[in-house]
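A short worksheet on the structure shown next.
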Amino acid sequence: MTHKEELDDLHKKSLSKFDEYVENNPGASKEAQEKLQQEKSEWQLAWNKLMETMLVLERLEI
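Numbered continuously in numbering that gives the first Met the number 0, the sequence shown closes out at residue 61.
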């Protein structure tokens, strides 16, 4: 398994655990749920930037 595949697998697992956490805490305030979703969106943006960087590095063969 390549590093990229390992990272992708780890990313999927972390999102799964996050979603599981949110579902298992229905008593959280609306503010807390909104904050969690905002943080999830930021995580997704950071992940996308990381993958773009990895693609550039692959092209440069670094």
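Just so you know, even glycine gets a beta-carbon here, dropped at the ideal spot from N, CA and C.
Small disclaimer: the values here were computed from a predicted structure and weren't measured.
| Item | Value |
| --- | --- |
| Under 9 Å between the Cβ atoms of F17 and K39? | yes |
| Which whole-angstrom value is the C-beta distance of W46 and H2, which I expect to be below 8 Å? | Their Cβ separation, rounded to whole angstroms, is 15 Å, which puts W46 and H2 out of contact at 8 Å. |
| Alpha carbon to alpha carbon, how far is Y20 from S13? Give it in angstroms, no decimals. | 10 Å |
| Looking only at its chain, what residues have a beta carbon closer than 7 Å to the beta carbon of N24, apart from the 5 residues adjacent to it on each side? | none |
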